[in-house]
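Start counting at 1 in the sequence shown, then tack on 412, and there's your number in the working numbering.
Even for Gly, the Cβ is constructed at its ideal location relative to N, Cα and C.
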Amino acid sequence: MPFPLKYQPQTESDILGQEEPLQKLNHYLTNFKTQKKKAALIYGPIGCGKTSSIHALAKQTNAEIIELNSSQLRNEEGINSTIGQALKQQSLFFQTKIVLIDEIDNLFGRQDRGATQTITKLIQTTNYPIIMTANDPFDKKLSNLRKVSEMIEFNKLPHTIIAEKLKLVCQLENIQYEDKALNTLARIQDGDLRGALIDLQLLTQNKNLTSENLEHLTDRKKTDNIFQALRLIFKATTTKNSLRALDNVDIPLNEIFLWLDENLPKEYTQPEALNNAYQQLSNADVFNGRIKRQQHWRFLVYIYNFLSAGISTAKIKKNSQFIQYQPTRRILKLWQAKMRHAKKKDLALKVAHATHTSQKQAIQHLPYFQHIFRNTPNPQLFINQLDLSQDEVDWLNK
C-alpha cells in the first residue's frame with residue numbers, strides 16, 4: 413500500500429501543522445445550516461493535507477463523504493447528474509454527508525464554459541456541505557465560486573513537521589535512517605508531505621535511508637500549470653530540477669515572460685539575486701527578439717533555459733516563505749487602456765461628424781468639449797444631438 417494512503421490522517425489529531433485552518437473548517441461544518449456561505453474553498457500548496465484533512469474530519473464526525481473527480485464534471489449535464497444527484501439524495505447510512513470536489517482549479521478547460529456557474533447555482537440551494545480544494549483559487553474562472561464560498565487557506569508545512577512524520581513512518585516500517593538524510597529529504601520536498609512519503613517509500617526498498625539514496629532522487633513533474641512551474645523555478649536548489657519546469661506549461665511564451673516578471677520581486681527579495689534573475693529574463697528576451705526578426709527558431713531552447721534554470725540559479729538562497737503567486741496585471745492594464753482609448757475614439761468620431769472636423773482633431777479637442785459638457789445648463793441637448801451612450805456621458809462627467 414502506498415505510504416500516503418497507509419498513513420493518511422484518521423482523526424483531527426493526526427493532522428500536522430494546520431491548527432488554524434482546521435478550526436475554521438470545523439466551524440464551517442458545525443454551523444453549516446446557519447452559515448450564509450454554503451460551500452468551503454480550501455486552498456494551499458501541494459501536499460499540505462487539504463484532501464486528507466477533509467476525509468479525517470468526515471470520519472471523526474461520522475459523515476458520509478462523496479468525492480468527485482474532474483472526469484465526472486466535464487459539462488453542465490455531468491455536473492447536474494453527479495453533484496446535483498448527490499445533493500438531492502438522502503444519505504442511507506449517516507446523518508449527514510459531505511460533497512468533496514478535489515482540485516477544482518483543474519476541472520474546467522475551454523470546452524467547459526459555464527461549469528462554474530452551474531456549480532454556483534447548486535451551492536446556493538444545497539442542503540449538505542460542499543467542500544472544494546484548489547492549489548490556485550484565484551484563477552478568474554473561479555471568481556463566481558469564491559463569492560459563495562468560505563475561503564480557508566492551508567499552510568505550507570515546515571520541513572520540521574515533515575521530518576517528524578517521516579521518522580514516525582520509519583519506526584513503524586522498521587526502516588533504518590541517517591538523521592541527515594531524513595532531514596534533507598524533508599527539506600527538498602518544499603512543504604509537500606505527500607511527496608515526501610512517496611519518495612521515502614521509493615528510496616527505502618532495502619529498509620535503509622542514506623545520503624547516497626538521495627543522490628538518485630529525481631523530481632516528480634510538478635509543472636501541471638504555471639503556478640507549479642513558478643514554484644519549481646523559484647524553489648529548486650539544483651539546475652537539474654528546474655530545467656524542465658516549463659515543459660508542460662500550456663500558455664504562450666510572451667505570457668510566461670509576464671508571469672515571471674510579475675512574481676520575481678515577491679520571491680527574490682535580495683537585490684543581488686533580483687538583479688541576476690532579471691538579467692536572465694533580459695537574456696531570454698534578447699533571443700526572443702532574434703527569433704522574431706530572423707526566424708531562427710533554434711534559439712527557442714536558449715529562451716526556455718534562461719527562463720527556467722537561469723532564473724532558478726540566480727538566487728543566492730531559497731526563500732523559505734510561502735509566496736502566493738499572482739496572475740500578471742500587465743495584460744489587464746493593457747486591455748483597460750485599450751478599452752478607454754476605444755471609448756475615447758468612438759466619442760471623438762461623433763464629435764467629428766457634428767463639428768465637420770477630422771477624428772484626430774476631435775480627439776485633441778475632447779478635453780475642451782468635456783469641460784463644456786460638464787458646465788452646460790442643458791447637457792441633454794448634447795446627448796440628443798450626438799446620440800451619446802450612458803458610458804460616454806459618464807466619461808464626459810469625470
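- Annotated three-state conformation of Q435 is helix, per DSSP.
- By a beta-carbon distance limit of 8 Å, N556 contacts T532. Their separation comes to about 5 Å.
- Around the Cβ of V713, a 10 Å sphere holds fewer than 16 other Cβ atoms; the residue is exposed.
- The Cβ neighbour count for Y737, taken over all protein chains shown within 10 Å, is at least 16; the residue is labelled buried.
- Contact annotation: the region 595-606 touches the region 446-463, with at least three C-beta pairs closer than 8 Å.
- Separation of the CB atoms of T616 and I574 is rounded to 15 Å, and the pair is thereby denied contact status at 8 Å.
- Sequence-distant Cβ neighbours of A754 in its own chain, meaning closer than 6 Å and more than five residues away, do not exist here.
- In the structure shown, N620 adopts extended strand secondary structure according to DSSP, grouped into three states.
- E590 and S623 have their alpha carbons spaced roughly 7 Å apart.
- Secondary structure of I715 (DSSP, three-state): helix.
- Under the three-state reduction of DSSP output, I723 falls in the helix class.
- If only complete runs of 4 or more residues are kept, the region 552-620 shows the alpha helix (DSSP H) at 555-559, 571-584, 591-600 and 605-615, in order along the chain.
- Distance between Q640 and P791, taken at the CA atoms: about 54 Å.
- Taking 8 Å as the cut-off, the Cβ atoms of L534 and I477 do not count as close.
- Burial state of I784 is exposed, judged by a 10 Å Cβ sphere holding fewer than 16 other Cβ atoms.
- Contact check for E679 against I728 fails: the beta carbons are separated by 8 Å or more.
- In the DSSP assignment, the residues bridged to Y455 are A546 and E565.
- Spanning the alpha carbons of Q691 and I668 requires a straight line of approximately 16 Å.
- G701 has its alpha-carbon roughly 38 Å from the corresponding atom of K568.
- When DSSP states are grouped into helix, strand and coil, L512 belongs to the strand group.
- Contact annotation: M544 and I513 have beta-carbon atoms nearer than 8 Å.
- E804 is bridged by DSSP to nothing; it lacks a bridge partner.
- Contact annotation: L719 and L800 have beta-carbon atoms that are not nearer than 8 Å.
- Comparing alpha carbon positions, the residue from E585, Q802, A721 and P549 closest to N688 is A721.
- Spatial neighbours of Q447 in its own chain (CB-CB distance under 8 Å, excluding positions within 5 residues in sequence) are listed in chain order as Y440 and E562.
- When rounded, the separation of the alpha-carbon atoms in P549 and V661 is 18 Å.
- Shown here, I477 sits in a strand according to DSSP, grouped into three states.
- Between Y455 and L499, the gap from beta carbon to beta carbon reaches 8 Å or more.
- T649 and T725 have their alpha carbons spaced roughly 8 Å apart.
- Excluding five sequence positions before and after L614, none of the CB atoms of its chain fall closer than 7 Å to its own CB.
- A distance below 7 Å between beta-carbons, with the five flanking residues on each side excluded, links I723 to the following residues of its chain, in chain order: I645, L672, A689, Q692 and L693.
- Under the three-state reduction of DSSP output, P791 falls in the helix class.
- K471 is a Cβ neighbour of Q422, given a cutoff of 8 Å.
- With respect to L676, L686 sits close: the two C-beta atoms are nearer than 8 Å.
- By the neighbour-count definition (other C-beta atoms within 10 Å, threshold 16), N809 is an exposed residue.
- F415 places its beta carbon less than 8 Å from that of I610.
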